[in-house]
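Chemist:
Protein chains: 2
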Amino acid sequence: MVFIMKITTECVYCLLNRIIYETELSTKDVELRTEVIKKACGMLSEIYSPDECSASIATRVHKLAYETLGDNDPYKELKDESNNIAKSLVPLVEELVNNSDNPLKMSMICAIIGNMMDFGIAGGSSHPGMLKEVFGKTVKEGLGYDDFSKVEVLLKKASHVVLFTDNCGEIVFDKVLCRELKKAYPNCFLTLVVRGAPIISDATIEDARAFGFDEVVDEILTTNCFAIGVDFNSISDRLRAVLDKVDLIICKGMANYEAFSETDYKPIAYLLRTKCAPIANSMGIPQDINAIKLYE
Amino acid sequence: MVFIMKITTECVYCLLNRIIYETELSTKDVELRTEVIKKACGMLSEIYSPDECSASIATRVHKLAYETLGDNDPYKELKDESNNIAKSLVPLVEELVNNSDNPLKMSMICAIIGNMMDFGIAGGSSHPGMLKEVFGKTVKEGLGYDDFSKVEVLLKKASHVVLFTDNCGEIVFDKVLCRELKKAYPNCFLTLVVRGAPIISDATIEDARAFGFDEVVDEILTTNCFAIGVDFNSISDRLRAVLDKVDLIICKGMANYEAFSETDYKPIAYLLRTKCAPIANSMGIPQDINAIKLYE
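So the sequences go chain by chain: P and S.
For the first sequence, position 129 (counting from the first letter as 1) is numbered 129 according to my numbering, and the numbering increases by one without interruption.
For the second sequence, position 277 (counting from the first letter as 1) is numbered 277 according to my numbering, and the numbering increases by one without interruption.
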């Protein structure tokens, strides 16, 4: 069964909200801000269609905004700050993971909580420090949807797993997750995929290098282009080959869900915080929960 | 000193949010919904300008939405429900007013709390019943900005006062306010102004008639057209004459603030709940408070 994440009416003003957010991060020039807003509205009036995938519409509007701003990374400072906040929480994450009966599952929970850090959307954080404020409380919440045991069954037989990262900040916890995956399944080949270009607050190859992912994964690839989630028309032959034969795809975050929902790839385990109603509804799970959901 | 409420970037997606909200109230037809969203985005891409008044841009986009929907009152049911909820709270309002040391001030506070009931915007209520849930708590909050004593000085010398209403629901409490005004200042001529046509959840002449405002005011006028707040190009000669010579203008709600901020009319007492940052910032007072603010 395929659940395609088509754009909803709610996505329209959420996307416009985020475009305005990044415009204000990028420039104080009122004329330039106005130009971006007018162009984004103009493009939405042309390409909005309830039959389109939310991620592909979002990619096109963000691309227009970045080009108009002449800024290839409006979220740069916010991304660095998110990484620093997450780094400061690593000792706490390590303590939780080490003291857990199920370190791998706990590392997934922490990586999902890291996914709360997301900017310019209603269900995300207003500032990077927010993660610090809510981390303990959210660990106690645990998983609102829990397919871990099903995922574990697949991991036990897997010889190759691929993990698609999402935002900066949470990428720091993703490293702990990758380490625990390799600790539990040392013979499983682990591929990491980050975004091919800076887009919103998502992690790129620079983040993967800065955090030494080469120590914990067997291979690092990128999505090969500027896209919300993944543009499957633009991925490398190597990534396409991985996706065709891999035993399990692990996707962090909503954008990867949006993009993969258009494809037949499986099995996919989504590890995310459901930060908006359209995604929660599409996945058939509650909003504002920590979720591991497997599509087999 | 004039504070003109120009449209902000935040107003753009708030307006689009409200357009989508009323579209979904009006129709389940996905094609029609899509047409309204595309047209609204298209108009915003053309007319958005940081030099324009927020109310006049909002009026044009709502007009396009209503025309495209072929619906002259998408909020009809919600307005009726709001009036019914407010009516059920009248005994509580009367008790508060009658037991108060300052019945007129208490009637203003209740009328301001009624202004919380507003739909399709982030700081407003999600459903009419919400007013019932928060009424008691919000009465205890009292006024976060209080120019009542300054307003009282003007009322004592006033021979003519005009009150511009805002939403349905709160209109029921506005009647108590009007009655208290006439009780305290029986020789003062009181003009009521409602919207000239149904627009969002605002009260019209039908509401003023249904609630028997003729019992408590000396004259009932309308803004004479379809407009967020007031379109001063379209008002009647009578209303223009009133505004030119009246001793005090009392305005309920944010839309009247937006519209009057473009004019030189004064003195104006704004009685409102600051439901959004752009209005709160423009007025120089905190967001999410009950406020009486006088511009002399």
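Heads up, the beta-carbon is just placed ideally off N, CA and C, and yes, glycines get one too.
These figures come from a predicted structure and were not determined experimentally.
Could you tell me which of A197(P), T34(P), S54(P), Y21(P) sits nearest to L78(P), measuring between CA atoms?
Modeler: Answer by Cα proximity: Y21(P).
Chemist: Just mark K293(S) as buried or exposed, buried being the case when its beta carbon has 16 or more other beta carbons within 10 Å.
Modeler: It counts as buried.
Chemist: Is the segment 78-98 of chain P touching the segment 160-174 of chain P, taking contact as three or more C-beta pairs under 8 Å?
Modeler: Contact holds: three or more Cβ-Cβ distances are below 8 Å.
Chemist: From I113(S), T222(S), F119(S), E94(S), pick the residue whose C-alpha is nearest to that of V134(S); which is it?
Modeler: Of the listed residues, the one whose Cα sits closest to V134(S) is I113(S).
Chemist: Applying the 10 Å Cβ sphere with the 16-neighbour rule, what's the burial state of V2(S)?
Modeler: Here the model assigns V2(S) a pLDDT of 47, short of 50, so the residue's position is not dependable, and the following value carries that caveat. It is exposed - the Cβ of V2(S) has fewer than 16 other Cβ atoms within 10 Å.
Chemist: Along the chain, which unbroken stretches of the alpha helix (DSSP H) at least 4 residues long are found entirely within the segment 27-107 of chain S?
Modeler: Within the segment 27-107 of chain S, the complete alpha helix (DSSP H) runs of at least 4 residues are 30-47, 54-69, 76-98.
Chemist: Between the segment 31-39 of chain S and the segment 45-56 of chain P, do three or more beta carbon pairs fall short of 8 Å?
Modeler: Touching, yes, given that three or more Cβ pairs across the two stretches are closer than 8 Å.
Chemist: Going by alpha carbons, who is nearest to D264(P) out of D244(P), L181(P), K252(P), P198(P)?
Modeler: Among D244(P), L181(P), K252(P), P198(P), the Cα nearest to that of D264(P) belongs to D244(P).
Chemist: Classify L243(S) as helix, strand or coil using the three-state DSSP reduction.
Modeler: The answer is helix: DSSP assigns L243(S) an H, G or I state.
Chemist: Which chain P residues sit within Cβ distance under 7 Å of Y13(S)?
Modeler: What Y13(S) touches in chain P: Y13, L16, N17, I20.
Chemist: Between R238(S), S201(S), D146(S), which has its C-alpha nearest T191(S)'s C-alpha?
Modeler: Nearest option by C-alpha distance: R238(S).
Chemist: In whole angstroms, what is the alpha-carbon distance linking F213(P) and V161(P)?
Modeler: In a straight line, the C-alpha of F213(P) is about 15 Å away from that of V161(P).
Chemist: Could you check whether E262(S) and C53(S) sit closer than 8 Å to each other, using their CB atoms as the reference points?
Modeler: Yes, they are a contact pair.
Chemist: So, using beta-carbon positions, are K175(P) and V216(P) closer together than 8 Å?
Modeler: Going by C-beta atoms, K175(P) is nearer than 8 Å to V216(P).
Chemist: V2(S) by DSSP, collapsed to three states: which one?
Modeler: Only weak support is given to the placement of V2(S): the predicted model assigns it a pLDDT of 47, under 50, and the value that follows is read from those uncertain coordinates. In this structure, V2(S) counts as coil in the three-state DSSP scheme.
Chemist: Using a Cβ-Cβ cut-off of 8 Å, state whether Y145(S) counts as contacting chain P.
Modeler: Output row for Y145(S): interface = no.
Chemist: Should I4(S) go down as buried or exposed, given a rule of 16 or more other Cβ atoms within 10 Å for buried?
Modeler: Per the 10 Å Cβ criterion, exposed.
Chemist: What are the residues in the segment 25-37 of chain S lying within 8 Å of chain P by C-beta distance?
Modeler: Per Cβ criterion, the list reads V30, R33, T34, I37.
Chemist: Expressed to the nearest angstrom, what Euclidean distance is found between the alpha-carbon atoms of P103(S) and E180(S)?
Modeler: Their Cα atoms are separated by approximately 7 Å.
Chemist: How many Å lie between T222(S) and A55(P) at the Cα?
Modeler: The alpha-carbon atoms of T222(S) and A55(P) are separated by roughly 46 Å.
Chemist: Look up Y257(S) in the DSSP assignment and give the residues it is bridged to.
Modeler: Beta-bridge pairing links Y257(S) to no other residue.
Chemist: Got a sec: is the Cβ-Cβ distance from S56(S) to anything in chain P below 8 Å?
Modeler: It does not: the Cβ of S56(S) has no partner Cβ on chain P nearer than 8 Å.
Chemist: Does C276(S) have its Cβ less than 8 Å from a Cβ in chain P?
Modeler: Output row for C276(S): interface = no.
Chemist: If you run the structure through DSSP and keep just helix, strand and coil, what is A269(P)?
Modeler: If DSSP states are grouped into helix, strand and coil, A269(P) belongs with the strands.
Chemist: Nearest by alpha-carbon distance to I205(S): which of F260(S), N224(S), I268(S) is it?
Modeler: If we check each option's Cα against that of I205(S), N224(S) comes out closest.
Chemist: Under DSSP, the alpha helix (DSSP H) around C178(S) begins and ends at which residues?
Modeler: That run of the alpha helix (DSSP H) goes 170-184.
Chemist: Determine whether the Cβ of M1(S) lies closer than 8 Å to any Cβ atom of chain P.
Modeler: Bear in mind that a pLDDT of 42 at M1(S), under 50, signals an unreliable position, so the number given afterwards is only what the model happens to contain. Not one chain P Cβ lies under 8 Å of M1(S).
Chemist: So the candidates are R195(P), M43(P), V30(P); which of them puts its Cα closest to the Cα of S234(P)?
Modeler: Checked all of R195(P), M43(P), V30(P); the closest Cα to S234(P) is R195(P).
Chemist: Do E10(P) and P286(P) have their CB atoms nearer than 8 Å?
Modeler: Contact: no.
Chemist: Output, in chain order, the set of chain P residues within a Cβ distance shorter than 7 Å of L44(S).
Modeler: Near L44(S) (Cβ distances below 7 Å), the residues of chain P are C41.
Chemist: Determine whether the Cβ of P186(P) lies closer than 8 Å to any Cβ atom of chain S.
Modeler: So, not an interface residue.
Chemist: Is the CB-CB distance between G336(S) and A259(S) below 8 Å?
Modeler: Summary: the structure shown does not reach residue 336(S), with chain S confined to residues 1 through 296, and so no result is reported for it.
Chemist: Does S49(P) get closer than 8 Å to chain S when you measure Cβ to Cβ?
Modeler: Closer than 8 Å: yes.
Chemist: Who are the neighbours of T191(P) on chain S, taking C-beta pairs under 8 Å?
Modeler: Simply none; closest approach about 38 Å.
Chemist: Within 8 Å of any Cβ in chain S, is that where the Cβ of T165(P) sits?
Modeler: Output row for T165(P): interface = no.
Chemist: Grab the span of the alpha helix (DSSP H) containing E141(P) for me, first residue to last.
Modeler: 130-141 is the span of the alpha helix (DSSP H), which, as asked, contains E141(P).
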